[in-house]
Amino acid sequence: LLGNPNSGKTSLFNALTGLNQKVGNFPGVTVELKKGFSIHRETKGCEIIDLPGSYSLYPRRGDEWVSYKSLMDTERSSATDLYVVVVDATNLPRNLLYVTQLIELGKPLIIGLTMMDIAEKKGVSIDIEKLSLFLNVPIVSINPRENKGIETLDSEISKKIKDAEWKIKNGFIADDLIDHGLASEIIEIIPGISSYSAMHILINHESLELDKEVHEKLAYIEKKYTFNHTLFQAEDIKLRYRKIKDIVSKTVVNIDPNRNKLISEKLDDLFLHQQWGYVLMLVILFILFQAVFWLAEYPMNAIEWAFGEITQLASRNFPDNWFSNLLINGVIAGLGGILVFVPQIMILFAMITVLEDTGYMARISLLTDRMMRKFGLNGKSVMPMISGFACAVPAIMSARNIENRKERLLTILTTPLMSCSARIPVYTILISLVIPKTKIFGILSLQGMVMLGLYMLGFTFAMLLSAVFNYFIKISERSFFILELPLYRPPRWGNVVLTMIQKAKIFVLDAGKVIMVISLVLWALSSFGPGDMRTVIEDKYDKKIIQRPELSKSYATEKKAELLEYSYAGIMGRAIEPVIRPLGFDWKIGIALITSFAAREVFVGTMATLYSVGEETDENNTTLRDKMNSAIRSDGKKVYTLATGVSLMIFYVFAMQCMSTLAVVKRETGSWKWPTLQFIYMTGLAYLLSMFAYWILS
48 LLGNPNSGKT SLFNALTGLN QKVGNFPGVT VELKKGFSIH RETKGCEIID
98 LPGSYSLYPR RGDEWVSYKS LMDTERSSAT DLYVVVVDAT NLPRNLLYVT
148 QLIELGKPLI IGLTMMDIAE KKGVSIDIEK LSLFLNVPIV SINPRENKGI
198 ETLDSEISKK IKDAEWKIKN GFIADDLIDH GLASEIIEII PGISSYSAMH
248 ILINHESLEL DKEVHEKLAY IEKKYTFNHT LFQAEDIKLR YRKIKDIVSK
298 TVVNIDPNRN KLISEKLDDL FLHQQWGYVL MLVILFILFQ AVFWLAEYPM
348 NAIEWAFGEI TQLASRNFPD NWFSNLLING VIAGLGGILV FVPQIMILFA
398 MITVLEDTGY MARISLLTDR MMRKFGLNGK SVMPMISGFA CAVPAIMSAR
448 NIENRKERLL TILTTPLMSC SARIPVYTIL ISLVIPKTKI FGILSLQGMV
498 MLGLYMLGFT FAMLLSAVFN YFIKISERSF FILELPLYRP PRWGNVVLTM
548 IQKAKIFVLD AGKVIMVISL VLWALSSFGP GDMRTVIEDK YDKKIIQRPE
598 LSKSYATEKK AELLEYSYAG IMGRAIEPVI RPLGFDWKIG IALITSFAAR
648 EVFVGTMATL YSVGEETDEN NTTLRDKMNS AIRSDGKKVY TLATGVSLMI
698 FYVFAMQCMS TLAVVKRETG SWKWPTLQFI YMTGLAYLLS MFAYWILS
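FYI, my numbering numbers position 223 of the sequence shown as 270, with every residue one higher than the one before it.
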C-alpha cells in the first residue's frame with residue numbers, strides 16, 4: 048500500500064487485514080513498515096505491507112525514505128507482486144504527482160480512490176473510467192472507514208496478481224525528461240529497471256544499499272554527464288504537473304464552483320482563529336486534565352477499597368509466616384499499586400485518541416508552529432511532544448518526520464520533559480496526599496489544576512531549554528513546515544475503546560511485570576538484613592512486650608519500623624539519605640528514586656511494598672494513601688507535607704528516570720553523547736528545582 052499521508056491508506060490496511068492499527072491525522076504516522084495478512088475471500092493469506100505515506104519520489108523525511116528504498120529495491124528482495132496506490136479524490140492533482148512517478152518506475156499498480164463522497168460535497172465530480180484510461184491503471188472507488196468498495200478492490204487485486212502478463216506501459220513523460228544515453232548506461236550496470244528508475248538510482252545511489260563497485264560506476268556516470276540532481280527534480284515536477292493539469296481538465300468537473308464552505312472549513316475558521324484558536328486549545332487541554340481526575344475518582348476509590356478488603360481478609364485468615372508476608376506485603380500490595388491507576392491511564396488515552404481521530408491534533412501543530420519557531424523548533428515538533436504525554440519512546444522515534452536535523456535533535460532532547468503516562472501514578476498519589484480536594488468556583492478541581500500545572504511546567508521548560516540548546520548546537524540547515532490538515536470527522540468510538548483497552552493492557556502487563564518483579568525484590572530486601580541484627584531487634588521487642596503487654600500493639604509497630612530500617616533496603620536508603628535530605632526526601636523515598644529508574648511508575652509499587660512491610664496493618668489504615676499520609680519522620684513530623692510533596696512532584700517532572708528513553712535516544716542520534724547530556728541536564732535540573740521548591744514551601 049502506497050499513497051500520500053492522510054489519503055486513507057492505513058484505514059485501507061485495517062480494512063484488508065482486519066487489524067486495528069492506529070490511524071493518525073498528521074503526516075508520517077507510519078514510521079516503520081506494518082504488515083498483515085488479507086482476510087478477504089479473493090486474496091486471503093496474501094501479505095499486505097503498509098508503506099509510510101509519501102508525497103513524491105523525492106524523499107525528505109525519514110519515513111518517506113523507508114517507502115522510497117522499498118520502491119528502489121534493486122535486489123528485488125521485497126518480492127512485491129502489486130502496489131495499491133491510495134489516492135485522495137479531494138486532492139487529485141497533488142496525489143497524481145506520486146501516481147505518475149510510480150507509473151514511470153514501471154511498477155504494477157492499482158489505484159484505490161478514496162473520499163469520493165467528500166469530493167462530491169465539495170461539488171467535484173470525477174470520471175473514474177476516463178481517468179483510468181488516461182493513466183492506463185485500474186481504479187476502484189473505496190471508502191475504507193465504512194468498508195465500501197473493499198470486496199471490489201479485493202477482486203481486482205486477485206485478478207491482477209494472477210495475470211502474469213499484465214503490465215503497465217512505461218513512458219508517461221520519460222521522453223521529454225530523460226537523457227536515454229545516460230539512462231542506458233545505468234541500466235547496463237543494474238539490468239531490469241526502467242529509465243526513470245535509473246535516474247532515481249543515480250540521484251540517490253549514496254543512500255541506497257548497492258555494491259561499492261556499483262557506487263563507483265554511478266559516480267563516474269554522474270561526473271561524465273555533469274548530471275544536475277536539482278535541475279532534474281525541478282523539470283520532473285514541472286512536466287508532471289503540466290500533464291496532470293491536462294488530465295484533470297478532461298476527467299474532473301467542478302459542478303458548483305460557488306459552493307458553500309464545508310463544515311471542516313467553517314470549523315477551522317474558529318479553531319485556527321488567531322486569538323480564539325489558542326483560547327479554545329487551552330480550554331480543550333484543561334478539560335482533558337480535569338476529566339482525568341474527575342472521571343477516574345470513582346473507579347480508583349472502588350479499586351482501593353477492594354484491595355483494602357483483600358488485604359484485611361488475608362491478614363485475618365493466613366498464619367503469620369514468611370509466605371503470608373510475601374503474599375500480603377509483596378504480591379497484593381504490588382498488584383494494588385498497579386491496578387489503581389488503570390482508570391486514569393484509560394481516560395487519558397481515550398481523550399487523546401478522540402483528539403487524534405477528529406483531526407484536531409493536526410490543528411494543534413499548526414497553531415503552535417509560530418510559537419515553536421521562537422525556541423528553535425517547528426510545528427512538527429508538537430506531535431512528538433504531545434505523543435510524549437503518552438510515552439517518550441515512540442514520541443522520540445516519531446521525530447524522524449522532522450526534516451531539519453537541528454530541529455529533530457532539539458525535539459529529541461526536550462521531549463522527555465513532557466509528562467508521560469508513567470508519571471501519572473506518581474502525580475496522582477502525591478496530589479491526593481498534599482493538595483486538598485477543594486473546588487474553585489464550585490466546579491473546577493484544584494487537584495486537576497495542579498495536575499495540568501505539572502504538565503505545563505514540563506512543556507514550558509522544554510521550550511526554554513530548546514532555546515538554550517538552539518544557541519549552542521551549531522547545525523545550519525533551512526527549515527520549513529508543511530502540514531496537511533485532515534477533514535474533521537466524528538471519532539470512531541470502537542477505535543477509542545480499543546485504544547483504552549490496549550493501553551491498559553500494556554500498562555498492566557508490560558509496566559506491571561516490572562513493578563511486580565521490583566515489588567517482590569524489594570519485599571525480600573525489606574524483609575531480610577545482614578548479620579544477626581534482626582534477631583537482636585526481635586528479642587528486644589519480645590522482652591518489652593512481656594514487660595508491658597498493654598503496649599504490645601505499639602511495640603509491634605515500632606519493631607516493624609526498626610526491622611525495616613536495618614534491612615538491606617533500609618541500609619541502601621540510609622546511604623543516600625544525606626544527598627536527598629535537602630529536597631525534603633527521607634530514605635524510603637530514596638529507595639523509590641533508585642527503583643524507579645527502571646520505570647517511573649515503579650515509585651508507587653515501591654512505596655506500597657515499603658509501607659506494607661514497615662507498617663502494622665489495621666482496619667483504618669489499609670490503602671497506600673492512608674499509610675503514606677500517616678508516615679512520620681524520626682522527629683515526629685509528617686513525611687508528606689506540602690513542601691515534600693511538591694518537591695517530589697517537581698523532581699519527577701524533570702528527572703530522566705527511564706532507561707528505555709535513554710536507549711532510544713542513543714539509537715536515534717547514533718551516539719551516547721546526547722543521551723548522556725540529557726541524563727545530566729535533566730537530573731541536575733530536577734535536583735535544583737526540587738530543592739528550591741522545598742526551601743520556598745518549608
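All C-beta atoms in this analysis are idealised placements derived from N, C-alpha and C, irrespective of residue type, glycine included.
Exercise for review: Could you please give the first and the last residue of the uninterrupted beta strand (DSSP E) stretch that includes Lys748?
Suggested key: Summary: the structure shown does not reach residue 748, with the chain confined to residues 48 through 745, and so no result is reported for it.
Check your understanding: What residue from Val568, Gly683, Tyr687 and Pro106 has the CA that sits closest to Met675's CA?
Key -> Sequence index remark: in the sequence shown, residue 675 carries index 628 (1-based). Cα-wise, what sits closest to Met675 is Tyr687.
**Study point:** Lys195 - DSSP class collapsed to helix/strand/coil
**Key:** Indexing the sequence shown from 1 puts residue 195 at position 148. Strand, per DSSP.
Check your understanding: Taking the C-alpha atoms as reference points, what is the distance between Met328 and Phe370?
Key -> The residue labelled residue 328 in the question sits at position 281 within the sequence shown. The residue labelled residue 370 in the question sits at position 323 within the sequence shown. Their backbone Cα atoms lie some 53 Å apart in a straight line.
Practice item. Answer yes or no: does any C-beta atom of chain B fall closer than 7 Å to that of Glu403? Key: No chain B is part of this structure, which consists of one protein chain only.
Check your understanding: Could you give the C-beta distance for Ile157 and Ile204, rounded to a whole number, given that I count them as a contact under 8 Å?
Key -> Reading the sequence shown from its first residue, position 110 is the one you call residue 157. Reading the sequence shown from its first residue, position 157 is the one you call residue 204. That belief holds up - the Cβ atoms of Ile157 and Ile204 are roughly 6 Å apart, short of 8 Å.
Check your understanding: Of all the options Arg141, Asp135 and Gly92, which has the alpha carbon lying nearest to the alpha carbon of Leu104?
Key -> Your numbering for residue 104 matches position 57 in the sequence shown. Measuring from the Cα of Leu104, the nearest candidate turns out to be Arg141.
Practice item. Return the residue from the list Ser479, Val187 and Ile459 that minimises the CA-CA distance to Lys713. Key: Along the sequence shown, read from residue 1 onward, the residue named residue 713 stands at position 666. The shortest C-alpha separation from Lys713 is found at Ile459.
**Study point:** CA nearest to the CA of Ser362, picked from Ile375, Phe181 and Leu567
**Key:** Walking along the sequence shown from the start, residue 362 turns up at place 315. The option with the nearest alpha carbon to Ser362 is Ile375.
Review point. Which one of Thr273, Phe279, Lys264 and Tyr272 has the shortest CA to CA distance from His247?
Key: Along the sequence shown, one-based indexing puts residue 247 at 200. Nearest C-alpha to His247: Phe279.
Review point. What residues in its chain sit with their C-beta under 6 Å from that of Phe436, if we drop five residues either side in the sequence?
Key: Against the sequence shown, residue 436 aligns to sequence position 389. Cβ neighbours of Phe436 beyond the five flanking positions: Met465.
Exercise for review: Starting from Leu414, follow its DSSP beta bridges and name the residues at the other end.
Suggested key: In the sequence shown, counting from the first residue as 1, residue 414 sits at position 367. Answer is none; Leu414 lacks a bridge partner.
Check your understanding: When DSSP builds the beta bridges, which residues end up paired with Ile95?
Key -> Walking along the sequence shown from the start, residue 95 turns up at place 48. For Ile95, which the question treats as bridged, DSSP gives the partners Gly83.
Practice item. Any chance you could list the beta strand (DSSP E) runs of at least 3 consecutive residues sitting entirely within the stretch 586-639, in chain order? Key: none
Exercise for review: Specify the secondary structure class of Asn517 as computed by DSSP and reduced to three states.
Suggested key: What you label residue 517 is simply residue 470 of the sequence shown in a count that begins at 1. Note: Asn517 maps to helix in three-state DSSP.
Review point. Just checking my contact of Ile96 with Leu143 at CB under 8 Å: how many whole Å lie between their CB atoms?
Key: Residue 96 sits at position 49 when you count from the first residue of the sequence shown. Residue 143 sits at position 96 when you count from the first residue of the sequence shown. Incorrect: roughly 23 Å between the Cβ atoms, too far for contact.
Exercise for review: Figure out for me which residue from Glu232, Lys209, Arg107 and Asp293 has the closest Cα to the Cα of Leu182.
Suggested key: As a working note, residue 182 is residue 135 in the sequence shown. Of the candidates Glu232, Lys209, Arg107 and Asp293, the one whose C-alpha sits nearest the C-alpha of Leu182 is Asp293.
Review point. Taking C-beta to C-beta, are Leu200 and Ile189 nearer than 7 Å?
Key: The residue you call residue 200 lines up with position 153 of the sequence shown. The residue you call residue 189 lines up with position 142 of the sequence shown. Against a cut-off of 7 Å, the Cβ pair of Ile189 and Leu200 comes out as a contact.
Check your understanding: What are the complete alpha helix (DSSP H) segments, minimum 4 residues, inside the stretch 112-175?
Key -> 139-152 and 163-168
Check your understanding: Within this structure, are the beta carbons of Ala678 and Pro533 separated by less than 7 Å?
Key -> Stepping through the sequence shown from its first residue, residue 678 is reached at position 631. Stepping through the sequence shown from its first residue, residue 533 is reached at position 486. Cβ atoms of Ala678 and Pro533: not closer than 7 Å.
Point to revise | Backbone secondary structure at Asn190 - three-state DSSP | key: To locate residue 190, count along the sequence shown from 1; it is residue 143. Looking at Asn190 - three-state DSSP - the assignment turns out to be strand.
Review point. Taking C-beta to C-beta, are Val543 and Thr400 nearer than 7 Å?
Key: Here residue 543 refers to the residue found at position 496 when the sequence shown is read from its first residue. Here residue 400 refers to the residue found at position 353 when the sequence shown is read from its first residue. Yes, the pair counts as a contact, with Cβ atoms nearer than the cut-off.
**Study point:** Gly423 to Lys207 span [Cα, whole Å]
**Key:** For this step, residue 423 is matched to residue 376 along the sequence shown. For this step, residue 207 is matched to residue 160 along the sequence shown. Approximately 49 Å, taken between the alpha carbons.
Point to revise | Cβ-based neighbour list, Ala166, same chain, cut-off 7 Å, excluding 5 preceding and 5 following | key: Translated into the one-based positions of the sequence shown, residue 166 becomes position 119. If we look at Ala166 and ignore the five residues flanking it on each side, its Cβ neighbours are Ala136, Thr137 and Ile173.
Check your understanding: Can the beta-carbon of Thr90 be found less than 7 Å from the beta-carbon of Val133?
Key -> Reading the sequence shown from its first residue, position 43 is the one you call residue 90. Reading the sequence shown from its first residue, position 86 is the one you call residue 133. Contact flag unset, no.
Exercise for review: List the whole-angstrom C-beta distance separating Tyr102 from Tyr145, where the pair is believed to meet the contact cut-off of C-beta under 8 Å.
Suggested key: Residue mapping note: residue 102 aligns to position 55 of the sequence shown, counting from 1. Residue mapping note: residue 145 aligns to position 98 of the sequence shown, counting from 1. Yes, they are in contact, since the Cβ atoms of Tyr102 and Tyr145 sit about 7 Å apart, within 8 Å.
Check your understanding: What are the residues that DSSP puts in a beta bridge with Gly109?
Key -> To locate residue 109, count along the sequence shown from 1; it is residue 62. Looking at the DSSP assignment, Gly109 forms no beta bridge with any residue, so it has no partner.
**Study point:** Length of the line joining the Cα atoms of Thr127 and Cys93
**Key:** Here residue 127 refers to the residue found at position 80 of the sequence shown. Here residue 93 refers to the residue found at position 46 of the sequence shown. Distance between the alpha carbons of Thr127 and Cys93 is about 11 Å.
Point to revise | Counted within 10 angstroms of its Cβ, other Cβ atoms place Asn307 as buried (16 or more) or exposed | key: As a working mapping, residue 307 is identified with position 260 in the sequence shown. Any answer about Asn307 is weak, because its pLDDT of 49 lies below 50 and its placement is not dependable; what the coordinates show is given next. So Asn307 counts as exposed.
Review point. Hey, out of Glu454, Leu63 and Ala690, whose CA is closest to Phe739's CA?
Key: On the sequence shown, position 692 is the one that residue 739 refers to. Taking only the C-alpha atoms, the option nearest Phe739 is Ala690.
Practice item. Answer with buried or exposed for Lys427, where buried requires no fewer than 16 other C-beta atoms within 10 angstroms of its C-beta. Key: Stepping through the sequence shown from its first residue, residue 427 is reached at position 380. Buried is the call here.
Review point. Short check: CB of Ile233 to CB of Leu255, under 7 Å?
Key: Walking along the sequence shown from the start, residue 233 turns up at place 186. Walking along the sequence shown from the start, residue 255 turns up at place 208. In this structure, Leu255 does not lie closer than 7 Å to Ile233 by Cβ.
Exercise for review: Might you give, ordered along the chain, the residues of its own chain that have their beta carbon closer than 6 Å to the beta carbon of Gln594, omitting 5 neighbours on each side?
Suggested key: Indexing the sequence shown from 1 puts residue 594 at position 547. Counting only Cβ-Cβ distances below 6 Å, and skipping sequence neighbours, we find nothing.
Check your understanding: Would you call the stretch 409-420 and the stretch 484-494 touching, i.e. three or more CB-CB distances under 8 Å?
Key -> no
Check your understanding: Residue range of the alpha helix (DSSP H) that Asn61 falls in?
Key -> For the purposes of this step, residue 61 is identified with residue 14 of the sequence shown, where counting begins at 1. First-last of the alpha helix (DSSP H) with Asn61: Lys56 to Thr64.
Practice item. Going by CA-CA distance only, name the one from Lys290, Ile225, Ser694 and Leu709 that's closest to Val481. Key: Residue 481 sits at position 434 when you count from the first residue of the sequence shown. Comparing Cα-Cα distances from Val481 to each of Lys290, Ile225, Ser694 and Leu709, the minimum goes to Ser694.
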